[in-house]
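Participant: This structure is in structure tokens; I'll ask about it shortly.
Residue numbers (this note's numbering): 5 to 391.
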């Protein structure tokens with residue numbers, strides 16, 4: 005049985021490195037498959053990753069930013085909230101900006117299946133009258149906002165605003181292997197205007213550089229890290245190539261082209277992409293994604309997944325993303341996911357247009373290949389091949 009990859013949280017602060025050991029859990033996809041719910045889940049929710057990136061006015065909830073789990077979010081770590089600390093596993097998500105966890109005020113089944121924050125047990129908790137509501141592609145959460153100390157690695161982030169969920173809908177969140185979300189995108193997309201954790205840490209001078217970096221280990225290996233306030237060159241080879249952020253909301257960049265076997269298969273006149281640790285797949289517009297699925301010989305199985313013959317993986321071509329005149333190949337061994345002997349295509353179709361063109365999502369499949377620096381001081385991304 006495959007297990008989720010581990011995330012070790014590393015904080016660089018005054019030359020000290022802090023590491024947090026994490027637990028292994030099953031993926032959401034594995035849980036749903038084992039309970040015979042995967043096919044119904046895919047059909048019911050139409051697995052629409054576009055929800056996360058729709059404009060705020062595109063839903064009935066006008067004041068919040070939406071986010072979604074892409075079925076197999078693989079990287080999450082443990083943080084503490086309150087005094088004494090209450091522990092929660094969270095996704096470190098560069099595709100959203102809010103921190104929220106389940107609370108004792110929530111009676112939804114999804115909350116009962118996870119750790120829940122109890123404000124009465126924290127001497128440093130401060131309540132507010134503000135609410136938060138975040139819509140998912142496969143469900144939603146609503147709750148209230150409060151302030152408390154959040155421990156991330158060796159850092160004590162005081163007076164941090166976060167969401168305490170009161171409702172969490174759908175089997176999606178029930179089977180999710182994590183408790184909550186810690187968003188690492190820009191504050192401009194934070195629901196209810198809540199200050200993100202990274203911004204609060206920086207404002208308190210708890211890190212020396214206004215950036216963080218991520219290394220996601222490949223399948224079957226431990227050692228994944230997110231580093232607040234620093235860059236560790238041991239995780240990559242060569243030099244970092246820098247890419248300007250095109251929109252300061254998500255970590256959005258401009259892609260020059262997307263090719264396979266020397267042929268441009270998408271993004272022939274540039275396109276926009278989100279570099280998103282909270283997404284496990286490579287997502288893009290439905291037409292080019294459909295063409296890619298056909299090109300690699302993927303077909304739908306009885307669970308509603310796009311699969312290929314595992315014996316063909318070695319013969320499949322790289323997909324190459326050219327970004328700021330630098331080529332970033334992603335091999336078939338990365339974009340085909342071997343889950344319990346089923347070889348699943350890591351491409352997923354979505355349709356979201358921006359003023360600059362179609363939107364692509366470069367999730368964990370891409371980030372596993374490239375150590376990524378998220379530089380808030382200079383609004384740019386650094387990419388280098390992992391070592």
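The beta-carbon is built from N, C-alpha and C at its ideal position, and this holds for glycine as well. All figures in this text were calculated on a predicted structure; none of them were measured in a lab.
Please report the distance separating the alpha-carbon of residue 304 from that of residue 365.
Facilitator: Mapped onto the chain shown, residue 304 falls at position 300. Mapped onto the chain shown, residue 365 falls at position 361. Cα to Cα, residue 304 sits roughly 22 Å from residue 365.
Participant: If contact is defined by three or more beta carbon pairs under 8 Å, each pair taking one atom from either stretch, is the stretch 302-322 in contact with the stretch 268-283?
Facilitator: No, the stretch 268-283 does not touch the stretch 302-322.
Participant: Can you check which of these residues, 234, 220, 194 and 81, is closest to residue 210 by C-alpha distance?
Facilitator: As a first step, residue 210 must be located in the chain shown, where it is residue number 206. The shortest Cα separation from residue 210 among 234, 220, 194 and 81 belongs to 234.
Participant: When the Cα atoms are used, what is the spatial distance from residue 388 to residue 125?
Facilitator: As a first step, residue 388 must be located in the chain shown, where it is residue number 384. As a first step, residue 125 must be located in the chain shown, where it is residue number 121. The straight-line gap from Cα to Cα measures roughly 44 Å.
Participant: What's the gap between the Cα of residue 134 and the Cα of residue 299?
Facilitator: Sequence index remark: in the chain shown, residue 134 carries index 130 (1-based). Sequence index remark: in the chain shown, residue 299 carries index 295 (1-based). If I take the Cα positions, the gap works out to 50 Å.
Participant: Whose CA, out of 249, 186, 378 and 180, lies closest to the CA of residue 164?
Facilitator: Position 160 of the chain shown, counted from the first residue, corresponds to residue 164. Nearest option by C-alpha distance: 186.
Participant: Cα separation between residue 157 and residue 382?
Facilitator: Against the chain shown, residue 157 aligns to sequence position 153. Against the chain shown, residue 382 aligns to sequence position 378. Near 25 Å, if we compare the C-alpha coordinates of residue 382 and residue 157.
Participant: Starting from the C-beta of residue 136, find all residues in its chain whose C-beta is less than 6 Å away, skip the five residues before and the five after it, and write them out in chain order.
Facilitator: The sequence position of residue 136 within the chain shown is 132, counting from 1. Closer than 6 Å at Cβ, skipping near neighbours: 147, 149, 167, 195 and 196.
Participant: Can the beta-carbon of residue 335 be found closer than 9 Å to that of residue 325?
Facilitator: The residue given as residue 335 occupies position 331 in the chain shown. The residue given as residue 325 occupies position 321 in the chain shown. Note that the C-beta distance between residue 335 and residue 325 is not below 9 Å.
Participant: Straight-line CA distance for residue 331 to residue 161?
Facilitator: For the purposes of this step, residue 331 is taken as residue 327 along the chain shown, with counting starting at 1. For the purposes of this step, residue 161 is taken as residue 157 along the chain shown, with counting starting at 1. Straight-line Cα distance between these residues: approximately 38 Å.
Participant: Just checking: is the beta-carbon of residue 86 within a distance shorter than 9 Å of some beta-carbon in chain D?
Facilitator: Absence of chain D from the displayed structure is noted, only one protein chain being present.
Participant: Do you know offhand how far residue 355's Cα is from residue 362's?
Facilitator: By 1-based counting over the chain shown, the position of residue 355 is 351. By 1-based counting over the chain shown, the position of residue 362 is 358. Computed Cα separation, rounded: 8 Å.
Participant: Should residue 282 and residue 93 be called a contact, given that it needs their Cβ atoms to be closer than 9 Å?
Facilitator: Here residue 282 refers to the residue found at position 278 of the chain shown. Here residue 93 refers to the residue found at position 89 of the chain shown. In this structure, residue 93 does not lie closer than 9 Å to residue 282 by Cβ.
Participant: Taking just the CA atoms, how far does residue 207 sit from residue 371?
Facilitator: Here residue 371 refers to the residue found at position 367 of the chain shown. Here residue 207 refers to the residue found at position 203 of the chain shown. Those two C-alpha atoms are separated by around 27 Å.
Participant: How do the stretch 248-261 and the stretch 335-349 stand: do at least 3 beta-carbon pairs fall below 8 Å, yes or no?
Facilitator: no
Participant: Which residues in the same chain as residue 17 place their Cβ atom closer than 8 Å to its Cβ, once the five residues preceding and following it in sequence are excluded?
Facilitator: The residue given as residue 17 occupies position 13 in the chain shown. At residue 17, the pLDDT of 45 sits below 50, so the modelled position is not reliable and the matter cannot be decided from this model.
Participant: From this set, 252, 226, 250 and 221, which residue's C-alpha is nearest residue 240's C-alpha?
Facilitator: By 1-based counting over the chain shown, the position of residue 240 is 236. Closest by alpha carbon: 221.
Participant: Name, in chain order, the residues that DSSP records as bridge partners for residue 179.
Facilitator: On the chain shown, position 175 is the one that residue 179 refers to. In the DSSP output, where bridge partners are listed per residue, residue 179 has none listed.
Participant: Among 122, 179 and 226, which residue has its Cα nearest to the Cα of residue 151?
Facilitator: As a first step, residue 151 must be located in the chain shown, where it is residue number 147. With distances taken between Cα atoms, residue 151 lies closest to 122.
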